[in-house]
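Visitor:
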Amino acid sequence: MKARIDDMTAFTATGDTLILASVSSPAETELFNDWLRVQRREHPGANIQVLRLPADDDPPAEVLSGLVDLLEADENRSVVPVRVFWVPGGLPTRSKVVSLLSGRDTYCPPQLLQHRILKRDPSRARVVAGEPAKVSELREQWSDTTVAENPRQFARFVIRRATLAIERVELRLLGPEYKSPRLVKPEMLASARFREGLEKIPGATIDKAGDMLDELGTGWSRFSVDLIPSVGRAIFSRGFDPNIDYDRLEVESMRHALEAHPAVLLFSHRSYLDGVIVPVAMQENRLPPVHTFAGINLSFGAMGPLMRRSGVIFIRRKLDDPLYKYVLRQFVGYIVEKRFNLSWSIEGTRSRTGKMLPPKLGLLAYVADAYLDGRSDDILLQPVSISFDQLHETAEYAAYARGGEKTPEGLSWMYNFIKAQGERNYGKIYVRFPEAVSMREYLGEPHGPMVDDGDAKRLALQKMAFEVAWRILQVTPVNATALVSALLLSTRGVALTLDQLHHTLQDSLDYLERKQTPMTNSALRLRTHDGVRAAVDALSNGHPVTRIDGGREPVWYIAPQDEYEAAFYRNSVIDAFLETSLMELALAHAARAESDRLEAFWAQVTRLRDLLKFDFYFADSASFRDHVAQEMAWHEDWEADVEAGGDRIAALLRAKRPAIAGSLLRPFFEAYRIVADVLIDASADISEKDLTVKALGLGQQYVAQGVVRSTESASALLFTTARQVAVDQNLLGVTVDLTDRRIAFRDELRGILADMERVEDYSREQFFERERSRQKLRSEPVRAAQSDEAIP
Numbered sequence: 001m002k003a004r005i006d007d008m009t010a011f012t013a014t015g016d017t018l019i020l021a022s023v024s025s026p027a028e029t030e031l032f033n034d035w036l037r038v039q040r041r042e043h044p045g046a047n048i049q050v051l052r053l054p055a056d057d058d059p060p061a062e063v064l065s066g067l068v069d070l071l072e073a074d075e076n077r078s079v080v081p082v083r084v085f086w087v088p089g090g091l092p093t094r095s096k097v098v099s100l101l102s103g104r105d106t107y108c109p110p111q112l113l114q115h116r117i118l119k120r121d122p123s124r125a126r127v128v129a130g131e132p133a134k135v136s137e138l139r140e141q142w143s144d145t146t147v148a149e150n151p152r153q154f155a156r157f158v159i160r161r162a163t164l165a166i167e168r169v170e171l172r173l174l175g176p177e178y179k180s181p182r183l184v185k186p187e188m189l190a191s192a193r194f195r196e197g198l199e200k201i202p203g204a205t206i207d208k209a210g211d212m213l214d215e216l217g218t219g220w221s222r223f224s225v226d227l228i229p230s231v232g233r234a235i236f237s238r239g240f241d242p243n244i245d246y247d248r249l250e251v252e253s254m255r256h257a258l259e260a261h262p263a264v265l266l267f268s269h270r271s272y273l274d275g276v277i278v279p280v281a282m283q284e285n286r287l288p289p290v291h292t293f294a295g296i297n298l299s300f301g302a303m304g305p306l307m308r309r310s311g312v313i314f315i316r317r318k319l320d321d322p323l324y325k326y327v328l329r330q331f332v333g334y335i336v337e338k339r340f341n342l343s344w345s346i347e348g349t350r351s352r353t354g355k356m357l358p359p360k361l362g363l364l365a366y367v368a369d370a371y372l373d374g375r376s377d378d379i380l381l382q383p384v385s386i387s388f389d390q391l392h393e394t395a396e397y398a399a400y401a402r403g404g405e406k407t408p409e410g411l412s413w414m415y416n417f418i419k420a421q422g423e424r425n426y427g428k429i430y431v432r433f434p435e436a437v438s439m440r441e442y443l444g445e446p447h448g449p450m451v452d453d454g455d456a457k458r459l460a461l462q463k464m465a466f467e468v469a470w471r472i473l474q475v476t477p478v479n480a481t482a483l484v485s486a487l488l489l490s491t492r493g494v495a496l497t498l499d500q501l502h503h504t505l506q507d508s509l510d511y512l513e514r515k516q517t518p519m520t521n522s523a524l525r526l527r528t529h530d531g532v533r534a535a536v537d538a539l540s541n542g543h544p545v546t547r548i549d550g551g552r553e554p555v556w557y558i559a560p561q562d563e564y565e566a567a568f569y570r571n572s573v574i575d576a577f578l579e580t581s582l583m584e585l586a587l588a589h590a591a592r593a594e595s596d597r598l599e600a601f602w603a604q605v606t607r608l609r610d611l612l613k614f615d616f617y618f619a620d621s622a623s624f625r626d627h628v629a630q631e632m633a634w635h636e637d638w639e640a641d642v643e644a645g646g647d648r649i650a651a652l653l654r655a656k657r658p659a660i661a662g663s664l665l666r667p668f669f670e671a672y673r674i675v676a677d678v679l680i681d682a683s684a685d686i687s688e689k690d691l692t693v694k695a696l697g698l699g700q701q702y703v704a705q706g707v708v709r710s711t712e713s714a715s716a717l718l719f720t721t722a723r724q725v726a727v728d729q730n731l732l733g734v735t736v737d738l739t740d741r742r743i744a745f746r747d748e749l750r751g752i753l754a755d756m757e758r759v760e761d762y763s764r765e766q767f768f769e770r771e772r773s774r775q776k777l778r779s780e781p782v783r784a785a786q787s788d789e790a791i792p
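In terms of full-length UniProt numbering, the sequence shown opens at residue 1 and continues consecutively.
1. Taking the continuous beta strand (DSSP E) assigned at Trp556, which residues delimit it?
2. Spatial neighbours of Ala559 within its chain, please: CB distance less than 6 angstroms, with the 5 preceding and 5 following residues excluded, ordered by chain position.
3. Pull up the distance between the alpha-carbon of Arg317 and that of Val278, whole angstroms please.
4. Which residues bound the beta strand (DSSP E) around His291?
5. Let me check understanding here. Comparing Cα to Cα, which of Glu435, Phe466, Arg120 and Met439 lies closest to Asp620?
6. For Ala460 and Pro359, I'd like the C-alpha separation in whole angstroms.
7. Given that a residue counts as buried once 16 or more other Cβ atoms are within 10 Å of its Cβ, and exposed if not, what is Arg772?
8. In chain order, which alpha helix (DSSP H) runs of at least 4 residues are fully inside the UniProt domain "Phospholipid/glycerol acyltransferase" (263-389)?
9. Between which two residues does the beta strand (DSSP E) containing Thr17 stretch?
10. Taking all protein chains shown into account, do 16 or more other C-beta atoms lie within 10 angstroms of the C-beta of residue 794, making it buried, or fewer, making it exposed?
11. Tyr426 to Ala486, Cα distance in whole Å?
12. Counting along the chain, where does the alpha helix (DSSP H) carrying Pro151 start and finish?
13. Buried or exposed: which applies to Phe154, given that a residue is buried once 16 or more other Cβ atoms fall within 10 Å of its Cβ?
14. Look at the alpha carbon of Gln724 and the alpha carbon of Glu688, and state the distance between them as a whole number of angstroms.
15. Per DSSP, Ala125 forms a beta bridge with which residues?
16. Which residue or residues does DSSP assign as beta-bridge partners of Gln49?
17. Kindly identify the DSSP beta-bridge partner or partners of Phe240.
18. Should Thr528 be labelled buried (16 or more other beta-carbon atoms within 10 Å of its own) or exposed?
19. State the DSSP-derived secondary structure class of Ser438, mapped to helix, strand or coil.
20. What's the gap between the Cα of Gly239 and the Cα of Gln421?
21. Have a look at Leu483, Lys134 and Leu582 and flag the residue whose alpha-carbon is nearest the alpha-carbon of Asp610.
22. Excluding the 5 residues flanking Pro81 on each side, which residues of the same chain have their C-beta closer than 6 angstroms to its C-beta?
23. Using the Cα positions of Glu579 and Ile228, report the straight-line distance between them to the nearest angstrom.
24. Quick check on Asp549: buried or exposed, where buried means 16 or more other Cβ atoms within 10 Å of its Cβ?
25. Looking only at C-alpha atoms, which of His503, Ile674 and Ser683 sits nearest to Thr711?
26. Using only alpha-carbon positions, find the residue among Ala456, Ala714 and Arg77 that is nearest to Ala401.
27. What's the C-alpha gap between Val468 and Asp378?
28. Short of 7 angstroms in beta carbon distance, which residues of its chain neighbour Val475, apart from the five on each side in sequence? Order them along the chain.
29. So, Pro383 versus Leu266, is the Cβ gap smaller than 7 angstroms?
30. Can we say the region 584-591 touches the region 658-668, given the rule of at least three CB pairs closer than 8 angstroms?
31. What do you reckon, are the CB atoms on Thr79 and Ala133 nearer than 7 angstroms?
32. Less than 8 angstroms between the CB atoms is what I'm expecting for Phe194 and Gln330, so what's the real figure, rounded?
33. If we call anything under 7 angstroms between Cβ atoms a contact, is His447 one with Gly374?
34. Quick one, are the C-beta atoms of Lys428 and Asp241 less than 7 angstroms apart?
35. Run through DSSP, which three-state label would Pro54 get?
36. Could you tell me whether the region 217-224 touches the region 302-314, where touching means 3 or more Cβ pairs closer than 8 angstroms?
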């Protein structure tokens, strides 16, 4: 036993000391007794008393009574929590399931195996002691923070403090990735703050609040910290490269930030895999685990309890119960106060179109309330960008675009989702952690004026959420899938050869490099023919590219039925080219202005930004104007050329590389145009559902007639934001001049689409010019060889 004692953690026993010992087996009792003998031998003058506590957090009545008596005996007595800590060891982390069954690598081995484990390896268990506290100090904390009802409640409070003190010691031994909230329900229900607010809600009771806390309850068990990320990795590794792509400097910067403040990780949301990837990313980088909010609809079957033990907080879809809203708000405040990290999608739901959706502010408001209440001196909003080379969910999104309904979640749905991951190779997953946004910077000091100023707080929340989304967009790397999809969609079903794909992609790559836009290795490899071939081969077989063989050389194109899936990938790259695309359309608009063409250019680029604000994120007005000016500054004397109009604007457009507005933005403006046409003869208060149904019907007609160029323009998903544009332009609701304004809006969109045609004409000219140059270069070596053969 001597070797075991030497390896144990000791404490200095002085004066009157009460040890609260959590031991639950003969082996642990033996270890503790050896440790206690050493303490008494080394501190003969100390009065050390011991109370054995059960392993769970609900002691029997006799233990509680005994603790009451021991606490009342001496206010100056030190209380020291002690527990046997089992050190993980043996098999690697990825083999935790095998380790659990074998008893070789668990956090609490089966009692029957404990003696055998210690005989083989005495270092596997240690007695650890938490930080001592005097009874008087604990009683003061109890009075300040709880309702302080009776001595038995004080005893329960002391047990909770002891448990948390031991947890802190063990976390230092295990690492921050094992940090998880404990005793949330008893701590909150005993809180004076919680009880005070509860009394103000009609019909609220402790029991009802407790039931709601059980519904919200979450936490990472130590086993789930090891198991769940491993399961998550096993799921996505069926179809993706198991090695997630990180920016290591970003990871280390975030690690440093999380040491100082609690954080909310707000991630972009394209797939159900996002909720799997965030825990994996935190665990394998040895970062504190996150507690992720999810809809209660995902708590089905055995998945509910499992996901709760994996840090998932299930919340109701409708927050119409005042008591539930209060309990949720206090729950968020408690988690933040204890410096645990939260996580959810900033978009609220998956993006079915590939571009980022507007941020949702509901949960963020609860976190802001916790900050303004003084529960933390700052809270960080950590943006998280998650992107994929490909996704199997694009087929589902294509069905939504055609008007399909969402499939309810359930066990069969989950089985099919996991099965789909193994159908083919989907490439890599990319995770980025840009610099966090500080709540203090936007909300001011805790208890400041925004506590009572709802409008100011909401505006600050909007700015914070926008900044998070903007930072996500700035670090999301452009991949080859997006660039190839954008190019092939622009040909409207015309197939391209490998050479044509390669030389046409170079202008976009030049532009991205000039703008220092992040790119994946797959995008950088598009500089080579092999890289282009790898990209189109990965997308072939209708995913969503079709390859045609049997001729002189292979060609690739996107069939009409695959356009919706390709559009998902294409939309993910639009933000990288958005400002330059609007510049092209504004130049085409200025070319048909009769006077003040430079003013017309600026007015139109601002108007286009306003029309697209529901579909895309833009820099603030001043920064946006600066960005456009910098973009145009690549062309010498551009302002004079714009003012001159005519051939000089045409020369600007011919010289611009790439000319890309049509291929990127046509579906959106065509969707707006379809909705505008529906509104011409629609009632003033047409419902959203009726507007979508009529737009889908008219869109299908327009596609068949060739009135609109893109099949994807007839999309229920795009009609959602088109309706928002119509509302913003005051085109819904009874007004005197409603018909005239609807006609004017339709005509404006027709003009924008006409400008787009002009830009696309220049783009085609560029393509054929490159094609002629390429053919010329290919023929020159042939002529040279023939000339050489003629030499005697």
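Yeah, the Cβ is synthetic: ideal placement off N, Cα and C, and Gly gets one too.
Guide: According to the data block:
1. To locate residue 556, count along the sequence shown from 1; it is residue 556. Per DSSP, Trp556 belongs to the beta strand (DSSP E) from Val555 to Tyr557.
2. As a working note, residue 559 is residue 559 in the sequence shown. Result list for Ala559: Thr546, in chain order.
3. Taking the first residue of the sequence shown as 1, we reach residue 317 at position 317. Taking the first residue of the sequence shown as 1, we reach residue 278 at position 278. The alpha-carbon atoms of Arg317 and Val278 are separated by roughly 22 angstroms.
4. Mapped onto the sequence shown, residue 291 falls at position 291. First-last of the beta strand (DSSP E) with His291: Val290 to Gly295.
5. As a working note, residue 620 is residue 620 in the sequence shown. Comparing Cα-Cα distances from Asp620 to each of Glu435, Phe466, Arg120 and Met439, the minimum goes to Phe466.
6. Translated into the one-based positions of the sequence shown, residue 460 becomes position 460. Translated into the one-based positions of the sequence shown, residue 359 becomes position 359. Linking Ala460 to Pro359 through their CA atoms gives a straight-line distance of about 13 angstroms.
7. For the purposes of this step, residue 772 is taken as residue 772 along the sequence shown, with counting starting at 1. Under this definition Arg772 is an exposed residue.
8. Counting whole runs of 4 or more residues, the UniProt domain "Phospholipid/glycerol acyltransferase" (263-389) contains the alpha helix (DSSP H) stretches 274-284, 303-308, 322-337 and 362-372.
9. Translated into positions along the sequence shown, residue 17 becomes position 17. First-last of the beta strand (DSSP E) with Thr17: Asp16 to Ser22.
10. With the chain running from 1 to 792 in the structure shown, residue 794 is simply not present.
11. As a working note, residue 426 is residue 426 in the sequence shown. As a working note, residue 486 is residue 486 in the sequence shown. Here the alpha carbon of Tyr426 sits roughly 18 angstroms from the alpha carbon of Ala486.
12. Counting from one through the sequence shown, the residue named residue 151 turns up at place 151. Start and end: Pro151 to Leu174.
13. As a position in the sequence shown, residue 154 is number 154, starting the count at 1. With 16 or more other Cβ atoms inside 10 Å of its own Cβ, Phe154 counts as buried.
14. In the sequence shown, residue 724 corresponds to position 724, counting from 1. In the sequence shown, residue 688 corresponds to position 688, counting from 1. Straight through space, the alpha carbons of Glu688 and Gln724 are spaced by roughly 10 angstroms.
15. Position 125 of the sequence shown, counting from 1, holds the residue named residue 125. In the DSSP output, where bridge partners are listed per residue, Ala125 has Trp86.
16. Your numbering for residue 49 matches position 49 in the sequence shown. Gln49 pairs with Leu18.
17. What you label residue 240 is simply residue 240 of the sequence shown in a count that begins at 1. According to DSSP, Phe240 bridges with Gly427.
18. Counting from 1 along the sequence shown, the entry for residue 528 is found at position 528. Result: exposed.
19. Translated into the one-based positions of the sequence shown, residue 438 becomes position 438. Residue state, collapsed to three classes: strand.
20. Translated into positions along the sequence shown, residue 239 becomes position 239. Translated into positions along the sequence shown, residue 421 becomes position 421. Roughly 5 angstroms separates the two Cα atoms.
21. Start at 1 with the first residue of the sequence shown, and residue 610 comes out as number 610. If we check each option's Cα against that of Asp610, Leu582 comes out closest.
22. Reading the sequence shown from its first residue, position 81 is the one you call residue 81. If you ignore the 5 residues before and after Pro81, its C-beta comes within less than 6 angstroms of the C-beta of Leu20, Gly130, Ala162, Ala165 and Ile166, all in its own chain and listed in chain order.
23. Taking the first residue of the sequence shown as 1, we reach residue 579 at position 579. Taking the first residue of the sequence shown as 1, we reach residue 228 at position 228. Their backbone Cα atoms lie some 42 angstroms apart in a straight line.
24. Position 549 of the sequence shown holds residue 549. Per the 10 Å Cβ criterion, exposed.
25. Here residue 711 refers to the residue found at position 711 when the sequence shown is read from its first residue. If we check each option's Cα against that of Thr711, Ile674 comes out closest.
26. Within the sequence shown, numbered from 1, the residue matching residue 401 stands at position 401. The shortest C-alpha separation from Ala401 is found at Ala714.
27. Numbered from 1 along the sequence shown, position 468 holds the residue referred to as residue 468. Numbered from 1 along the sequence shown, position 378 holds the residue referred to as residue 378. Separation of Val468 and Asp378 (C-alpha to C-alpha, rounded to the nearest whole angstrom) is 16 angstroms.
28. The residue you call residue 475 lines up with position 475 of the sequence shown. Ser385, Arg432, Pro434 and Pro518, listed in sequence order.
29. As a position in the sequence shown, residue 383 is number 383, starting the count at 1. As a position in the sequence shown, residue 266 is number 266, starting the count at 1. Yes.
30. At 8 angstroms Cβ cutoff, the stretches touch.
31. Residue numbering aside, residue 79 sits at position 79 when the sequence shown is read from its first letter. Residue numbering aside, residue 133 sits at position 133 when the sequence shown is read from its first letter. Position check: residue 79 holds Val in this sequence, whereas Thr was assumed. It is a contact, given that the beta carbons lie within the stated cut-off.
32. As a working mapping, residue 194 is identified with position 194 in the sequence shown. As a working mapping, residue 330 is identified with position 330 in the sequence shown. Contact flag correct, Cβ pair sits at about 5 angstroms.
33. Numbered from its first residue, the sequence shown carries residue 447 at position 447. Numbered from its first residue, the sequence shown carries residue 374 at position 374. The Cβ atoms of His447 and Gly374 sit closer than 7 angstroms to each other.
34. Mapped onto the sequence shown, residue 428 falls at position 428. Mapped onto the sequence shown, residue 241 falls at position 241. Yes.
35. Residue numbering aside, residue 54 sits at position 54 when the sequence shown is read from its first letter. In the displayed model, Pro54 falls within coil according to three-state DSSP, outside both helix and strand.
36. Yes, the region 217-224 is in contact with the region 302-314.
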